[in-house]
Amino acid sequence: MRKLFVALVAALSVSSAFAGGLVTNTNQSASFIRNPSRGASLEIDAAYFNPSGLVFLPDGFHLSVNNQSITQERTISSSMTTLARKNFIGSVAAPVFPSIYGVYKVNNLAFSLGVMPIGGGGSAFYENGLPSFEMQVAQIPVALTAAGIPTNRYEYDVEFDGSSIFWGFQGVASYKFTDQLSISAGLRVIMASNSYNGFLQGITINPNMPAFGAQFNGTNMVSAPVFFNAAATTFNTMSTGANTAAGGLQAIITGGGGALPLNAAGLPAATLAQIQGLITAAGQSPAGMNVTQARAVLVAAAPVFAGRATQMTAQAAATSDRSVDATQSGTAIAPIVGFTVRPNDQWVIGVKYEHKAVMTLTNETVIDGTGLFPDGAETPSDMPSKLSLGVSFDPTNRLRISGTAHYYFDRDANFGRRVAGALVENTVVIDRNMWEGALGVEFQLNDRLLLSAGYLTTQPGVNDLYQTDLTHSLVTHSFGGGARYGLSENIKLNIGLMNTWYDAATRNFGTFTETYDRTAFVVAVGVDFAF
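Numbering (my numbering), first residue to last: 4 to 534.
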């Protein structure tokens, strides 16, 4: 069952919690939820989206506190015929998804700090498991039936708790050269933490093979390890019996009785019955055999029985209860640079480049019943470079139209992805880099109330090797809307709602297919303060 735990571990691989790249979150403010085009922002959330634009804030200290409540439903459909169910529904929840920004602006300088979940976040729950969980156990009855042991039911108990969060702590300095040009430079420290705690236990099946024990009657649900150990004991006994019987027949052959029919060689009835049973178990009929022929069959069968015993012992170990208690952690640093061009009061152009964060996660293991978490082992987990471009245009003093694009250099990073159990470079599972595009509009209804809405699409470039029931990437379409309300001259409240639809994707595994689909909804609230 090691493969099953591989699937479970993959469930916690870092990925974007909602909006963003394959492993990068960009939904980093309540203002983003009401208008996802933030690349040319000159407001306090520019601390994340466009740091060079912060120099256009009024002098003083500015603080923004935001939280998002994210819910997502995932639907996985499998055509594998051996699975007891075909559709698997999962729910993802991140009720607390905070981002906090502080900015101090004085003359032509601005200094900003930010804390945000730059990757991961939330937890997934699949009440009925997943195809990758179940198919490993579902193959047991199929394999046993093919081996001549009729079996058509299985049950198991699996529980797996964990989390994956990559916190970003950033500091940026911004400088305004003129009223038309500003620049920014800073660093983001990324602190990653994954935890894995769970078990796979209680695999039961209903094999019909009374020869291994009366309880294996095809009706009783019995422990898989108990059955396989009983089978191993039986095959070992048969191997020993075949060797012993072959030795006894050799004595008859040495005495000149090799041509005698087996049933006329003067063997005790119990011994004859045992030999005939062993020959039958070896797939041959004892009828008409002489002593020499019978011995040859037994000599050939003994190692075969021993080999089957070894296989059954291995299956008993593979289906035994497993548990894991481990954590992974790592740290990386990513430089951030950008500039803002503001040719006049109507146009703003913001550009930001985030360098790749090269990161390695290190295991700290308490229990590893899976062999997947050797204490101290390391796994690559980079965050890719990202280029952002934002443009906003104010046709009137009440209306703003904006567009933003994000481009992720995924192929140049190493996410630690595995194919057939082996670590591979991103270029193996990603054909082209991912990009996002957003459009937004804001209208200042009066001195206190601003209304906004926007659209965001993500276009991943992954191939089929990337797509699994646990970690897949889909084309998305998000529509957000909301408002900003001035509670006072120095306090503004942002409220946003966003709904996301995903384009379903199907992967062909050869003998079956899997289809992946999702929906998501976000509610966000943020408060901006100016002092």
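We put the beta carbon where it would ideally sit given N, CA and C, even for glycine.
Remember, predicted model here, so these are calculated numbers, not experimental data.
Here DSSP, grouped into helix, strand and coil, assigns Glu357 to strand. Glu517 is a Cβ neighbour of Asp472, given a cutoff of 8 Å.
Put simply, of Asn69, Tyr159, Gly260, Ala245 the residue whose alpha carbon is nearest the alpha carbon of Thr274 is Ala245.
Of the residues Asn28, Thr334, Ser32, Gln470, the one whose Cα lies closest to the Cα of Asn497 is Ser32. Inter-residue distance for Ile339 and Arg88 is about 48 Å (C-alpha atoms, whole angstroms). Ser226 has its alpha-carbon roughly 15 Å from the corresponding atom of Pro213. Setting aside the 5 residues that flank it on each side, Asn293 is surrounded in the same chain by Gly261, Ala262, Leu263, Pro264, Leu265, each with a C-beta closer than 8 Å to its C-beta; the list follows chain order. For Arg298, the enclosing alpha helix (DSSP H) starts and ends at 294 to 321. In the three-state DSSP reduction, Met241 falls in the helix class (H, G or I). Annotation: Asn28 to Gly123 spans about 7 Å, alpha carbon to alpha carbon. Around Pro39, the same chain offers Ala441, Gly457, Leu459, Gly483 as residues with beta carbons nearer than 6 Å, after the five sequence neighbours per side are excluded. Here Tyr104 is actually not in contact with Phe114; their C-beta atoms are around 12 Å apart, not less than 8 Å. Gly374 and Pro101 have their C-alpha atoms spaced approximately 35 Å apart. By the 16-neighbour rule on beta-carbons within 10 angstroms, Val140 is buried. Of the candidates Ile282, Gly291, Ala290, Ala320, Ile282 places its Cα closest to the Cα of Ala303. Taking a cut-off of 8 Å on C-beta distances, the stretch 353 to 373 does not touch the stretch 60 to 69, as fewer than three cross pairs fall below it.
A direct Cα-Cα distance of roughly 44 Å separates Ile168 from Asn223. Under DSSP, Arg510 shares a beta bridge with Glu517. Under the DSSP assignment, Gln462 falls outside any alpha helix (DSSP H), being part of the beta strand (DSSP E) whose first and last residues are 452 to 462. Remark: three or more beta-carbon pairs, one from each stretch, lie closer than 8 Å, so the stretch 185 to 203 and the stretch 331 to 347 are flagged as touching. Residue pairing by DSSP places Ser177 opposite Ala113, Ser187 in a beta bridge.
A residue is called buried when at least 16 other Cβ atoms come within 10 angstroms of its Cβ; Asn436 meets this threshold and is buried. Gln142 carries a helical assignment under DSSP once its states are collapsed to helix, strand and coil. Here DSSP, grouped into helix, strand and coil, assigns Thr471 to coil.
Between Ala319 and Phe231, the C-beta spacing is below 8 Å. In chain order, Thr461, Thr503, Tyr505 place their CB closer than 6 Å to the CB of Thr479, counting only its own chain and leaving out the 5 sequence neighbours on each side. Sequence-distant Cβ neighbours of Gln277 in its own chain, meaning closer than 7 Å and more than five residues away, are Gly244, Ala248. Residue burial annotation: Arg311 is buried, with at least 16 other C-beta atoms found within 10 angstroms of its C-beta. Counted as a single uninterrupted DSSP element, the beta strand (DSSP E) harbouring Ala408 occupies residues 402 to 411.
The C-beta of Asp413 has 16 or more other C-beta atoms within 10 Å across all chains shown, which makes the residue buried.
Counting the other Cβ atoms within 10 Å of the Cβ of Asn197 gives 16 or more, which makes it buried.
In the three-state DSSP reduction, Ile370 falls in the strand class (E or B). Within 10 angstroms of the beta-carbon of Phe534 lie fewer than 16 other beta-carbons, which makes it exposed.
Per DSSP, Thr274 is one residue of the alpha helix (DSSP H) stretching across 272 to 284. Arg77 is bridged by DSSP to Gly93, Arg521.
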